[in-house]
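*Asks:* What follows is a single structure, and I will ask about it in a moment.
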Amino acid sequence: MTALLFFVCSLVAIASAALVVSRKNPVHSVLFLIVCLLSVALLFLLLGAQFIAALQVIVYAGAIVVLFVFVLMLLNVKKETVTLHSSTVQKLGAVILVIVLLMEALFVAVMGVGWLSKEAWIAASGISFGTVQSIGRELFTRYLFQFEVASVLLLVAIVGAIAITKKR
Amino acid sequence: MPVGVSHYLAVSAVIFAVGVAGVLLRRNILVVLMSIELMLNAANLAFVTFSRASGAVGGQIVVLFVMTVAAAEVAVGLAIVLIAFRARETTDVDEMNVMKW
Amino acid sequence: MLEHAWLILALPLAGVAGNIFLGGRLGRRFVSALSCGVVGLSFVVSVACFLELLAMQPAQRHFERHIFTWFLSGSFKVEGTLLLDPLSVLMTLVVSGVAFLIHVYSTGYMAGDSGYRRYFTYLNLFTFSMLTLVLGGNFLVLYVGWEAVGLCSYLLIGFWFQKKPAADAGRKAFIVNRIGDFGFALGILLIFRTFGTLEFGEVFSGAERLFPSGSTLITGIALLLFAGATGKSAQIPLYTWLPDAMEGPTPVSALIHAATMVTAGVYMVARCSALFVLSPLALAVVAIVGLATAVYAASIGLVQNDLKRVLAYSTISQLGYMFLACGVGAFAVGIFHLMTHAFFKALLFLVAGAVIHALAGEQDITKMGGLRSKLPVSYWSFLIAALAIAGVFPFAGFFSKDEILWETLLRRGPLVWALGAVGALMTAFYMFRLLFLVFHGTARHEGHVHAPPFSIKLPLVCLAVLSAVGGLVGAPLLFGRHFVKEFLSPVFRHVNGHVAAGTHEAGAGHFVVSELSMAVVSVSIAVLGIVLAYRFYVISPDVPQRLKERFARLYSILFNKYYVDEIYDTLFVRPLVSFATALWRHVDALIIDGAVNGSAFLVETASKVSRRLQTGGVQNYALSIVVGAIAILAFWLLR
Amino acid sequence: MTGEVMSQVPLITVVTFLPLLGAFLIALTNPGRVRFIRTVALVTALVDFAVCVPLLAGFDVSTPSVQFVEKHAWIDAIGSSYHVGIDGISLFLVILTSFLTVLSIGASWTSITHRVKGFMVSMLILETGMIGVFVSLDLLLFYIFWEAMLIPMYLIIGVWGGPQRIYAAVKFILYTLAGSLLMLVAILALFFIHHGNTGEYTFDLLKLYGTAIPGGVELWLFLAFFLSFAIKVPMFPFHTWLPDAHVEAPTAGSVLLAGILLKMGTYGFLRFCLPLFPRVSLQAVPAIAILAIIGIIYGALVALAQRDVKKLVAYSSVSHLGFVMLGLFALNTQGVEGGILQMVNHGISTGALFLIVGMLYDRRHSRMMEDFGGLWKRMPVFAGFFLIVTLSSIALPGLNGFAGEFLILVGAFMKNAVFAAAAAVGIILSAVYMLWMFQKVMFGEPRDGDGEEQSAAQKHGSVFFDIGARERWILVPIVVLIFWIGVWPGFFLSRMHASVDALLETVRNANAAPVESVEEAASRGLPTLTRQLMHGGEEDSEGASQGASQEVASAMEPDTQADEGGE
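Line by line, the protein sequences give chains A, B, C and D.
Those letters in the first sequence? Residues 3 to 170, by my numbering.
Those letters in the second sequence? Residues 4 to 104, by my numbering.
Those letters in the third sequence? Residues 33 to 671, by my numbering.
Those letters in the fourth sequence? Residues 34 to 600, by my numbering.
Structure below.
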């Protein structure tokens with residue numbers, strides 16, 4: 003059951019990601035982005051990270067994508083006539099590099115990395131993993147300072163965004 | 004067939020690669036930004052996977068921060084896109100190359 | 033009074049300060065009074081010191097005073113030392129005495145000049161420097177005076193700086209002197225390295241103690257010192273500045289370029305006699321250079337037409353005699369001649385100045401003549417001086433010059449003597465040529481002849497008296513005693529041991545006879561010169577013209593001073609200037625700076641090429657980020 | 034009582050940072066208040082100079098150790114501290130700096146009319162940087178001052194300079210930066226070598242003295258420092274930035290450039306190269322001496338070819354600094370003390386020459402000799418000052434130049450007679466070019482300018498009106514110093530003795546001590562250079578003097594032999 007769910011979700015995620023990149027109309031891209039993000043959220047759930055899954059839906063699918071949509075509507079861009087980059091070198095290089103990068107990453111994923119093992123996977127599947135409680139405790143004790151910094155970062159981003167777009 | 008670390012990582016890798024391809028190849032700056040979101044998401048997936056594998060919550064905390072950064076990045080990034088569009092009436096990355104010698 | 037010997041130096045220095053700070057406000061009368069006064073007082077102090085020294089036992093006539101420590105660095109220690117011994121006191125007397133007279137003379141001569149205060153400031157400064165030179169008790173203090181008189185000479189030659197020849201001559205004098213000083217300075221360094229001190233007493237006693245006669249090191253030192261002396265005292269090959277120095281005011285020529293400064297070289301050689309006697313080679317060089325200069329300069333003097341230049345060449349020639357005396361080991365005689373020369377040559381210049389003054393600046397002797405009746409004081413003074421320099425008994429020059437020739441004959445043989453005698457003949461000839469052309473015959477000039485004021489006449493008379501009788505202090509045949517020699521003997525006591533035997537003290541009797549006969553010979557030579565001049569320029573004035581046409585080439589060589597200035601110019605001056613220019617334009621600007629700018633150009637070119645990578649396209653950058661990511665990952669995997 | 038109070042005041046810090054305070058004050062001022070800005074700058078510089086007086090008065094001549102030391106923790110993590118102090122070597126350079134800054138600000142009073150605020154701020158920051166270089170006893174601190182001081186100088190040349198100012202400023206800063214970056218690398222290398230030897234991370238200079246450095250590495254480190262300092266000095270053939278910078282800089286910039294900045298190079302050799310790398314330094318003596326002599330003669334010859342007064346003075350600096358280098362690398366008391374004295378002398382004399390050229394430029398707006406002539410008649414007071422400065426520059430005995438150059442010659446002569454003789458040629462040449470310049474400018478018939486200068490001419494009767502009270506008061510202290518140093522150099526020398534002797538002792542001991550390091554070097558297969566140094570280096574440098582020196586050896590005093598280099 004879990005395996006089936008995993009395969010379905012991951013296939014949807016990959017497919018929609020590919021569509022995000024390949025659609026000519028950016029509005030379509032945004033819609034497929036939502037699909038992709040939601041399926042990744044499902045994957046999070048499968049991994050037992052409920053809180054992150056919830057955040058994924060709220061922050062990404064909610065806030066960020068809405069932002070994209072707003073901007074798209076604001077700009078009212080017409081469809082691209084040419085989708086791809088103009089330089090041949092860039093195109094060719096990008097394709098080759100992406101393939102190489104993918105190979106490398108898959109190699110890592112499949113062959114594994116030294117410190118990961120099946121045992122670790124099983125042992126860690128406790129009940130408290132990924133709950134709001136466990137993350138909250140960590141976040142407000144050990145990572146409190148980083149948390150505060152993150153909040154400042156957001157504040158700066160808000161101010162910055164306003165300042166940049168302000169019409170003079 | 005049990006689903007393991009490798010599977011999740013593989014999915015993460017593929018999504019990441021797709022994101023990279025988007026960043027490198029697309030000309031519409033909005034799509035490029037979306038591709039960046041894809042890459043960040045792929046990274047998040049890998050983090051959660053590692054967190055799950057190691058049993059430590061730290062990985063998920065990082066994801067939280069990544070999301071924060073992503074939100075900030077999109078906010079600022081889209082703001083820049085907005086004024087760039089205002090100035091040059093285009094969202095084409097290729098045409099935004101004045102920042103050079 | 034010896035305790036207060038520093039006053040001799042302090043007074044002229046106070047004069048300098050007074051002229052600079054007060055002279056402008058208080059006017060000319062103050063300047064004249066102050067300048068003459070301080071030098072006069074300085075002379076009085078010198079006399080007092082001299083008398084006090086004279087009252088002592090001959091062996092104890094030596095007074096040294098360390099005023100302050102000048103340098104102290106490691107083993108290098110130099111004191112500001114004043115030294116009063118017979119030699120320096122004698123020099124002090126001559127310098128301050130002549131300087132005083134010339135100060136007085138200058139108040140008349142320079143009366144109309146706009147640079148009156150500046151002139152007297154320099155003159156006081158010169159007196160101070162020259163006295164420092166003679167009173168200095170070690171080589172470095174001597175060197176201070178040495179360079180400082182050079183500076184004053186520079187300033188006074190170029191006193192009328194608006195005239196380019198004057199400014200050029202001043203610079204030439206300073207630079208040529210610097211070349212000599214280069215040797216002098218190296219000599220001082222070598223002395224310090226050898227003896228570890230620069231105090232005269234320690235160096236000389238050290239030299240006697242540590243080094244055998246003929247030591248290479250001492251020869252080196254002596255020759256280097258002598259190089260300095262050739263510069264200052266205008267000997268071959270560095271004499272060329274002195275004739276040009278005549279661009280300065282005439283009293284300056286009298287004081288600096290005849291009586292005092294140019295004799296500093298002789299003084300220095302005499303002062304270092306302890307070193308020179310240890311080196312026969314160096315002595316020989318001194319003698320040869322002196323002799324050569326004496327004859328050479330006299331030969332040029334025969335045909336020059338500029339009154340002051342004839343006197344300048346005469347000075348060079350006489351200085352040559354002094355060096356000849358030193359070179360044969362008769363240092364006391366050299367100093368004696370220095371003294372008498374100071375009297376009669378200063379007098380000659382002052383008369384020349386009076387004549388030039390009277391004729392409103394005319395210096396060409398072919399345009400003078402017949403001045404005897406118009407300027408009687410000048411005429412008689414000049415006559416006395418000319419007789420003195422020609423060496424006619426009993427005038428001052430006779431005693432000193434005769435003695436030089438006598439010593440030369442005694443120690444270097446007849447050939448050297450004969451050359452010296454030829455020089456003496458020429459001296460007598462050109463001096464009387466001047467006398468006849470300037471004062472006798474018919475007037476060849478136009479305009480009014482200005483009568484000289486009292487301030488000009490007074491020094492002339494004083495010096496005329498000295499030129500007439502000044503030689504008597506060194507007349508053994510008349511008085512049985514040679515006062516100068518006796519007085520100086522403590523300073524030169526080490527000389528006799530080294531220089532070849534055959535001195536006065538050695539054999540009494542028959543030397544007296546032959547010295548007497550030689551004296552007769554040298555007087556006859558002088559008279560011959562005078563007679564020749566009389567025949568050429570009074571009896572049959574067309575003879576010189578005929579000779580000039582007959583020996584046209586010789587004449588032009590002599591008239592153009594053997595073309596030495598031109599030779600130096602082509603050999604040294606021009607090449608130096610063009611070399612310097614080439615160095616600047618080609619080596620500095622082209623090669624060295626070219627290399628610097630070239631490397632800058634390289635960097636610029638490289639950056640022009642490489643900045644093409646900076647496309648401004650954000651995706652190009654992303655591409656390279658990916659390349660980096662792949663590389664890192666690959667490295668990590670393949671590790 | 035006062036002594037106690039004195040010792041509690043951090044004098045060095047005050048001297049160093051007071052100008053910065055003044056600069057800060059000026060920075061807060063309205064740029065339009067020009068008079069106020071100038072006054073503040075001048076007062077700051079004067080007060081700073083006044084603070085140097087207790088420094089001089091309280092200086093203990095008997096000890097070689099560093100005095101007025103202040104040491105505070107700064108960057109603990111890498112063992113760098115705020116460590117400052119002065120000894121006999123740096124004392125006069127610090128005083129000279131504050132002295133010349135006062136004069137430079139005075140000289141800029143009327144000649145700088147635009148952006149006065151920025152200029153004065155730059156001047157004061159420059160002063161802080163320069164003094165900081167001389168008082169730092171921590172390598173990192175030193176390096177920071179060393180670089181920081183470039184920036185205001187760059188601005189002074191580049192903003193207030195002549196027509197070619199940008200070229201000159203860029204050349205100046207790039208050239209010096211190129212050298213100092215190599216020095217930074219060497220400093221780091223030294224830092225790590227010291228850590229390797231002792232396990233302690235420190236930039237403290239006094240602790241780094243005597244660090245045992247492997248032979249081959251020592252050479253490279255020495256070369257890195259050498260290049261940096263040689264460019265600054267500047268030694269032949271690294272001198273070409275100097276004429277450009279000098280000619281283009283405003284008067285005050287030239288004065289400080291010649292007076293102080295060049296001394297940093299020679300000071301660096303003395304403070305860093307010699308004690309940090311004593312063995313290679315000794316080995317490098319012949320090479321450096323030859324470069325120095327080439328510099329002396331070359332600089333003088335090129336100066337001879339100049340028509341531009343300022344350029345002539347600039348090239349004469351190359352010549353004079355050659356003397357300093359020769360003295361320092363004679364490695365005996367006379368040479369080093371003469372070298373230090375000559376640094377001060379050159380600062381005074383050449384600084385004064387630039388001030389004088391600046392005064393001429395203010396009047397005629399030209400630096401070409403042919404535009405002048407006969408000035409003695411128009412400006413007699415100025416002529417007197419100019420004459421004294423000229424004479425000081427050509428080392429007339431009794432003036433300061435002689436005291437320094439003669440000591441240098443003594444030192445060099447003890448080391449090698451031929452070197453000294455070659456260097457002495459420079460003294461002849463200096464007379465040639467300086468007097469030529471003097472004659473061109475001051476002698477002859479007066480010549481007046483035309484065009485724009487005529488308005489000034491009508492006001493004063495001539496373009497060349499004589500110097501006024503301000504200019505006189507700038508030149509008077511210089512002349513006083515010229516005579517003071519010339520007549521009584523002992524005052525200055527006595528304050529150097531202890532430090533110089535200690536320094537030479539360091540070099541001597543380092544070269545005498547470790548015999549086994551030769552074997553070490555040999556076993557590591559290092560270049561023969563090191564071995565030559567140990568056994569045959571001295572013979573090489575002595576070889577040239579031959580003849581005279583062999584005889585000399587027999588008659589030489591024992592201590593002069595010790596001066597020969599201590600082997």
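Glycine residues also receive a C-beta, built at the ideal position from the N, C-alpha and C atoms.
(1) Can you tell me the Cβ-Cβ gap for D:Leu-173 and D:Thr-77, rounded? I've got them flagged as a contact below 8 Å.
(2) Consult DSSP for D:Ile-613 and reduce its assignment to one of helix, strand or coil.
(3) Beta-carbon of A:Val-102 versus every beta-carbon of chain C: anything under 7 Å?
(4) Under 8 Å by Cβ, that's how I've got A:Phe-53 and A:Thr-133 pegged, so tell me the actual separation to the nearest angstrom.
(5) Return the first residue and the last residue of the beta strand (DSSP E) that D:His-353 is part of.
(6) Whole angstroms is fine: what's the gap from C:Phe-243's alpha carbon to C:Thr-229's?
(7) Using beta carbons (cut-off 7 Å, strictly below), is B:Leu-81 in contact with chain A?
(8) With distances taken Cα to Cα, identify the nearest neighbour of D:Gly-434 among D:Ile-518, D:Gly-444, D:Lys-344 and D:Asp-404.
(9) Report the neighbours of D:Ile-460 on chain C: residues whose CB is nearer than 9 Å to its CB, in chain order.
(10) Output needed for D:Ser-314: all residues of its chain with C-beta closer than 6 Å, excluding positions within five of it in sequence on either side, in chain order.
(11) Are D:Ala-140 and D:Ala-285 closer than 7 Å when you measure CB to CB?
(12) By the DSSP assignment, the alpha helix (DSSP H) with B:Thr-52 in it spans what residues?
(13) Counting only Cβ pairs nearer than 9 Å, list the residues of chain C close to D:Thr-366.
(14) Is the shortest distance between the beta-carbon of D:Phe-69 and the beta-carbons of chain C less than 7 Å?
(15) Does C:Leu-615 come within less than 7 Å of chain A when only Cβ atoms are used?
(16) Quick one: what's C:Gly-168 bridged to in DSSP?
(17) Tell me, please, whether the CB atom of D:Gly-121 is closer than 7 Å to any CB atom in chain C?
(18) So D:Ala-322 packs on D:Phe-271, CB below 8 Å; how close in whole Å?
(19) Check the Cβ-Cβ distances between A:Ile-160 and every residue of chain C, and say whether any is below 7 Å.
(20) Quick check: D:Ile-441 and D:Gly-371, are their CB atoms within less than 7 Å of each other?
(21) Among C:Ala-420, C:Phe-191, C:Phe-171 and C:Trp-192, which one has its Cα closest to the Cα of C:Cys-304?
(22) In chain D, what lies closer than 8 Å to C:Phe-611 by C-beta?
(23) Answer yes or no: do D:Phe-82 and D:Ser-114 have a C-beta to C-beta separation smaller than 7 Å?
(24) Please list the terminal residues of the continuous alpha helix (DSSP H) segment that includes C:Ser-105.
(25) Mapping the DSSP letters down to three states, classify D:Glu-553 as helix, strand or coil.
(26) Which value, in whole angstroms, describes the spacing of the CA atoms of C:Ala-198 and D:Arg-66?
(27) So C:Phe-158 and C:Leu-188 are in contact, right, with Cβ under 8 Å, and what is the actual spacing, rounded?
(28) Where C:Leu-83 and C:Val-121 are concerned, what is the direct C-alpha to C-alpha distance, given to the nearest angstrom?
(29) Name the residue from D:Met-402, D:Val-390, D:Leu-136 and D:Ile-164 whose alpha carbon lies nearest to the alpha carbon of D:Val-509.
(30) Beta-carbon of B:Asn-44 versus every beta-carbon of chain C: anything under 7 Å?
(31) Along chain B, which residues have their Cβ under 9 Å away from the Cβ of C:Thr-637?
(32) Mind pulling the alpha helix (DSSP H) runs of 4 or more residues that sit fully within the segment 380 to 414 of chain D?
(33) Buried or exposed: which applies to A:Asn-78, given that a residue is buried once 16 or more other Cβ atoms fall within 10 Å of its Cβ?
(34) Would DSSP call B:Asp-97 helix, strand or coil?
(35) Quick one: grab the DSSP three-state call for D:Asp-93.
(36) Contact check, A:Ile-60 vs B:Ile-64 under 8 Å by CB: the rounded distance?
*Replies:* Answer, in terms of the structure:
(1) Actually they do not touch by this definition, with Cβ atoms about 27 Å apart.
(2) With chain D running from 34 to 600 in the structure shown, residue 613 of chain D is simply not present.
(3) Contact of A:Val-102 with chain C is assigned, a C-beta pair being separated by under 7 Å.
(4) Contact holds; Cβ gap of about 7 Å.
(5) For D:His-353, there is no enclosing beta strand (DSSP E); the residue is found in the alpha helix (DSSP H) stretching over 342 to 361.
(6) Distance between the alpha carbons of C:Phe-243 and C:Thr-229: 16 Å.
(7) For B:Leu-81, the answer is yes, since a Cβ of chain A falls inside 7 Å of its Cβ.
(8) Among D:Ile-518, D:Gly-444, D:Lys-344 and D:Asp-404, the Cα nearest to that of D:Gly-434 belongs to D:Ile-518.
(9) Within chain C, the residues whose beta carbon sits less than 9 Å from that of D:Ile-460 are Arg-210, Asp-213, Phe-214 and Ala-217, listed in sequence order.
(10) Once the five neighbours on either side are set aside, the close Cβ partners of D:Ser-314 are Cys-306 and Leu-307.
(11) Yes, these two residues count as a Cβ contact at 7 Å.
(12) B:Thr-52 -> alpha helix (DSSP H) spans 32 to 57.
(13) What D:Thr-366 touches in chain C: Ser-105, Gly-106, Ser-107 and Phe-108.
(14) With a threshold of 7 Å between beta carbons, D:Phe-69 makes no contact with chain C.
(15) No, because no Cβ of chain A sits closer than 7 Å to the Cβ of C:Leu-615.
(16) Per DSSP, C:Leu-114.
(17) For D:Gly-121, the nearest beta carbon of chain C is not closer than 7 Å to its own beta carbon.
(18) Here D:Ala-322 is actually not in contact with D:Phe-271; their C-beta atoms are around 16 Å apart, not less than 8 Å.
(19) Closer than 7 Å: no.
(20) Yes, the pair counts as a contact, with Cβ atoms nearer than the cut-off.
(21) Put simply, of C:Ala-420, C:Phe-191, C:Phe-171 and C:Trp-192 the residue whose alpha carbon is nearest the alpha carbon of C:Cys-304 is C:Phe-171.
(22) Chain order gives the chain D residues near C:Phe-611 as Leu-334, where near means a beta carbon separation below 8 Å.
(23) No, they are not a contact pair.
(24) It is not in any alpha helix (DSSP H) - C:Ser-105 instead sits in the beta strand (DSSP E) that spans 95 to 105.
(25) For D:Glu-553, the predicted model reports a pLDDT of 48, less than 50, meaning its position is unreliable and no value from the coordinates is stated.
(26) Using only the alpha carbons, I get a separation of about 51 Å.
(27) About 7 Å; that satisfies the 8 Å criterion.
(28) Looking at the two C-alpha atoms, the distance is approximately 10 Å.
(29) Measuring from the Cα of D:Val-509, the nearest candidate turns out to be D:Leu-136.
(30) By this cut-off, B:Asn-44 is not an interface position.
(31) Chain B residues near C:Thr-637: none, gap ~14 Å exceeds 9 Å.
(32) Runs found: 408 to 411.
(33) Taking every protein chain shown into account, the CB of A:Asn-78 has fewer than 16 other CB atoms within 10 angstroms, so this residue is exposed.
(34) Helix, per DSSP.
(35) Three-state result, D:Asp-93: coil.
(36) Not a contact, Cβ separation roughly 17 Å.
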